[in-house]
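A short write-up of the structure that comes next.
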Amino acid sequence: MTKKALITGLTGQDGSYLAELLLEKGYQVFGLVRRSSTSNLERISHLFDKIKIVSGDLLDQCSLMDVITETQPSEIYNLASQSYVPLSWTQPALTAEYTAIGVSRLLESIRRCRPDAKFYQASSSEVFGQPDESPQSERTAFRPRNPYGVAKAYAHWMTVNYRQQYNLYACCGITYTHESPRRGTEFVFRKITRTAAMIKLGLAKELKLGNLDARRDWCYAKDAVHAMWMMLQQEQPDDFIIASGETHSVRDLVECAFNYVDLNWQDYVVVDPAFYRPDEPVQLVGCIYKIKAELSWKPQYSFKQLVELMVDHDLQELRGKESHVEGALVST
Ligand code: NAP
1 MTKKALITGL
11 TGQDGSYLAE
21 LLLEKGYQVF
31 GLVRRSSTSN
41 LERISHLFDK
51 IKIVSGDLLD
61 QCSLMDVITE
71 TQPSEIYNLA
81 SQSYVPLSWT
91 QPALTAEYTA
101 IGVSRLLESI
111 RRCRPDAKFY
121 QASSSEVFGQ
131 PDESPQSERT
141 AFRPRNPYGV
151 AKAYAHWMTV
161 NYRQQYNLYA
171 CCGITYTHES
181 PRRGTEFVFR
191 KITRTAAMIK
201 LGLAKELKLG
211 NLDARRDWCY
221 AKDAVHAMWM
231 MLQQEQPDDF
241 IIASGETHSV
251 RDLVECAFNY
261 VDLNWQDYVV
271 VDPAFYRPDE
281 PVQLVGCIYK
291 IKAELSWKPQ
301 YSFKQLVELM
311 VDHDLQELRG
321 KESHVEGALV
331 ST
């Protein structure tokens, strides 16, 4: 029988990759999308004829119950959230509504309408905030340091509590930063690959960045969604760290991206304190021992491969736009 999966956050970076993966694996895929007055379906436009879009919102309990009742999924992946840390400082209550209470609504909907569905919750390394150990494991204490991390910690513990109290197959993947060509340019990784490509093509002159020594554990979103799927294929639900297990500095990233397009990064990068994070997390790096040992998962793409594939994508996309503009100019 065909397996059915419901993805919330379908229009986001991870939602689009997860939908592709599940389709490859033969699932019928439903994607929860909230109403928008303009289209936000760009990341999934290539999947329109293969997936079914259903209307709902994490702010609205009835919509979630209706969608789950109508679609009867055997797997539910909650990827929806207000996922941008800086915005969580300016809109902390909204962040809590989406990212924390939204998960309560979803869990309660599953408990009432489809208690035998398997549930994946997108937790975040931001729950560790200022961790007292490095690398962090599934046993590291949560000390979130921003409203996004606090909301994710609430959602994480609600998921664990529903598993314990109601025996739901509910689990959390604590993902560290993961990137792809579908990432927004407000995130530093994509900002760097995009701007390096723009400078190479003569479309930009400089790249303004904050703390070049900030270090992150970055992996590829395609690798991350594969881990999410594997977590729901186990006999017993459990929580796992999903990470590369290594850190690189923003400087390493800049150097790698600019080297790839044969440019000297020092000629273009301008350090601007306006881009410093208000509260820079210390050395967030995941220990991936458990997921490697129990699920045989490990990232398939290295840091260098990820940087290069993103720069390649940005070069190609920008060249496409350039020729489009040139074509338009010629034809007018
Ligand atoms: P993203 O690109 O920001 O996508 C977020 C998705 O959530 C979008 O589809 C958005 O829909 C949807 N959404 C927001 N509010 C909603 C609401 N009230 N009801 C229904 N949908 C709503 O995030 P991502 O990078 O794919 O990340 C996926 C998940 O992993 C998120 O929960 C994120 O917090 C978590 N995470 C991500 C990373 C990372 O590095 N990417 C790291 C750790 C954890 P619209 O298109 O309508 O806005």
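Under full-length UniProt numbering, residue 332 is the last one in the sequence shown; the count climbs by one each step, no gaps.
Ideal Cβ placement from N, Cα and C applies to all residues, glycine included.
- Between the ligand NAP and the CB of GLN13, the shortest heavy atom gap is smaller than 7 Å.
- Here TYR98 is buried. Its C-beta has 16 or more other C-beta atoms within 10 Å.
- Under DSSP, TYR169 shares a beta bridge with LYS118.
- Within its own chain, the residues whose Cβ lies closer than 6 Å to the Cβ of GLU75, once the five positions on either side in sequence are excluded, are ALA5, LYS118, LEU232, listed in chain order.
- By a beta-carbon distance limit of 8 Å, PRO181 contacts HIS313. Their separation comes to about 4 Å.
- Shortest Cα-Cα distance from VAL85 to any of ASN146, GLU108, ARG216 involves ASN146.
- Rounded to whole angstroms, ARG43 and ASP57 show a C-alpha spacing of 19 Å.
- Nearest in C-alpha terms to VAL225, of all of TRP157, LYS3, SER16, is SER16.
- Of the other Cβ atoms in all chains shown, fewer than 16 fall within 10 Å of the Cβ of ARG139; this residue is therefore exposed.
- A distance criterion of 7 Å places the beta-carbon of LEU106 beyond contact range of the ligand NAP, judged by its closest non-hydrogen atom.
- Taking a C-beta distance under 8 Å as the contact criterion, ALA243 and ILE288 qualify as a contact pair.
- Bounds of the beta strand (DSSP E) holding TYR77 are 75-78.
- For SER88, the enclosing alpha helix (DSSP H) covers residues 85-90.
- The closest heavy atom of the ligand NAP lies 7 Å or more from the beta carbon of ALA214.
- In the three-state scheme derived from DSSP, where H, G and I count as helix and E and B as strand, VAL54 is classed as strand.
- Checking the 7 Å criterion, the Cβ of GLY149 is out of range of every heavy atom belonging to the ligand NAP.
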